[in-house]
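One structure below.
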Amino acid sequence: MKKLVVKIGSSVLTLENGNPDHARFKAFAKDISQVIEKGYAVVIVSSGAIAFGSSIAGKALAPVSIPNKQVLSSIGQPLLINEYMTNLKPYRKVVTQVLLTHEDFIDRQRYLNARKSMELMLEKGFIPVVNENDAIAVDEIKVGDNDTLSAMVAAMINADRLIILSNIDAIFDKDPHTHGDAKPINEIKQIDQYRIFEDSKSRYGVGGIKTKISAARQLARIGISTTIANGRVENIVTRLVNQFTQENGERLGTTVLAAQKKINGTKKWVSLLLKSSGSITVDEGALSAVLKNKSLLAAGIVNVSGTFKQGDVISIADVRGREVGRGITNYSGTEIEMIKGKKSSQINSSLGYFKGDEVIHRDNLIITPSIPIR
Ligand code: GLU
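So for the sequence shown, numbering that gives the first Met the number 0 puts the first residue at 0; every next one is plus one.
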């Protein structure tokens, strides 16, 4: 069973006045049903809760602060789910609601629980509609945007592809608003070479290009392709799915191709955690060991930055400051500060205890293409 995650943004689902665009939901439900009939399992990641909540609350509660948005989302989320339920019912599709926060990804047990539950939903042919749990998500525990959330969900359920639908047709080679000759890019083979988009997000005049590219890049690293397309185009998901399976045909949107084969298990869990808590710099010797899929030991660590504790995900950087991998650390930042450069046999005398040879065990470590640390 092929699994698709389809992320749809508020801009596509909302009318000018902030109300839900019923016609759009209706068309989207038909589109999704068609894709399911073709044998795909679909997870929808849908925004719109805060926008719809605002349309009800009006002036009484403006979406200007986190507390206000928390309340607005709790007004809008049931409306959002209701749109999906009502519009998918004629196709005999059952909708489930899944509300997640960043914590559900960083806590291993919660992550596994969420994944298992979603897998069962898909197995039963239900359609999970996922959103951030905005009602309780204050800044510290927020994923923050649904592009990122959709990438995390795609990784979690081991999707075959992520489709991000917004109000742009594609990613262009230049700012289409200021360059008449800007051309849409149909396919990006090596996303890490397209740093230009991240730097020039505001100049593109299209909000959120940065998070879309970053979501696609993150997935490319673990072997999942992403297609960014216009959610206002009729039957867009069905057409994209046809496009994926046919050599010649339409070329809609921009597809960011997976940079490697799919990675499974713990390593994927590590890499999809988009916020690393800190980083350690390693010397040449440790770098080449890590690149050969060996565990990271204290001896090769030359520097520590950030505040992190045992069990956190941290970046591994080379001496030029480029991220080479990520992993779950067995030692806190403070501990690593005390044992860096030392042999395993010296750890006990430095700390007064010993938690193991590996600062990051190879099973909890993933190599990432070289990119500057954010
Ligand atoms: N979770 C937000 C909402 O439903 C949307 C976040 C986003 O648009 O990225 O309103």
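Glycine residues also receive a C-beta, built at the ideal position from the N, C-alpha and C atoms.
Values in this document were obtained by computation on a predicted structure and should not be read as measured data.
For this session: Would you tell me roughly how many angstroms separate the C-alpha atoms of Ile366 and Ala22, rounded to the nearest one?
Result: 45 Å
Exercise. Do Glu131 and the ligand GLU come close, with the Cβ less than 7 Å from some heavy atom?
Worked result: yes
For this session: Could you tell me how far apart the beta carbons of Ser349 and Met337 are, in whole angstroms, since I believe they sit closer than 8 Å?
Result: 5 Å
Exercise. With DSSP run on the structure shown, which of helix, strand or coil describes Phe171?
Worked result: strand
Exercise. First and last residue of the beta strand (DSSP E) that includes Val97?
Worked result: Val94 to Leu99
Exercise. Going by the C-beta, is Asp138 closer than 7 Å to any heavy atom of the ligand GLU?
Worked result: no
Exercise. Measuring CA to CA, which of Leu256, Gln76 and Asp180 is closest to Ile187?
Worked result: Leu256
Problem set entry | Straight-line Cα distance separating Ser344 from Ile163 | 50 Å
Exercise. Going by other Cβ atoms of all chains shown within 10 Å of its Cβ, with 16 needed for buried, is Tyr352 buried or exposed?
Worked result: exposed
Problem set entry | Bounding residues of the alpha helix (DSSP H) (the contiguous stretch that carries Arg325) | Counting along the chain, Arg325 falls outside any alpha helix (DSSP H), though it belongs to the beta strand (DSSP E) covering Arg321 to Ile327.
Problem set entry | Between the CA atoms of Gly57 and Ile370 - distance to the nearest angstrom | With a pLDDT of only 44 at Ile370, under 50, the local geometry of the prediction cannot be trusted, and no value is derived from it.
Exercise. According to DSSP, is Ser10 helix, strand or coil?
Worked result: helix
Problem set entry | DSSP bridge partner residues for Lys2 (one or two, in chain order) | Ala40
Exercise. Is DSSP giving Ser314 helix, strand or coil here?
Worked result: strand
For this session: May I ask whether a heavy atom of the ligand GLU can be found less than 7 Å away from the beta carbon of Asp362?
Result: no
Exercise. How long is the line joining the alpha carbons of Phe24 and Ala316, rounded to whole angstroms?
Worked result: 45 Å
Problem set entry | Residue closest to Lys211, alpha-carbon to alpha-carbon, out of Glu249, Thr253, Leu60 and Arg109 | Thr253
For this session: Compute the beta-carbon to beta-carbon distance between Asp133 and Ala228, rounded to the nearest angstrom, for a pair I have assumed lies under 8 Å.
Result: About 25 Å; that fails the 8 Å criterion.
For this session: Return helix, strand or coil for Leu161, following the three-state DSSP convention.
Result: strand
Problem set entry | Identity of the residue in Asp356, Val240, Gln217 and Thr237 nearest Ile262 by Cα | Gln217
Problem set entry | Paired residues, beta bridge with Ile187 - DSSP | Val255
Exercise. With a Cβ-Cβ cutoff of 8 Å, do Ala215 and Ile190 count as a contact?
Worked result: yes
Exercise. Is the Cβ of Ser270 closer than 8 Å to any Cβ of chain B?
Worked result: The chain inventory of the structure shown lacks chain B, comprising one protein chain alone.
Exercise. In three-state terms, what does DSSP make of Val205?
Worked result: For Val205, the predicted model reports a pLDDT of 33, less than 50, meaning its position is unreliable and no value from the coordinates is stated.
Exercise. From Gly340 to Lys266, what distance separates their C-alpha atoms?
Worked result: 25 Å
Problem set entry | Cutoff 7 Å; reference Asn292; Cβ partners in own chain excluding five residues on either side | Arg361
Exercise. Counting along the chain, where does the alpha helix (DSSP H) carrying Ala113 start and finish?
Worked result: Arg107 to Glu122
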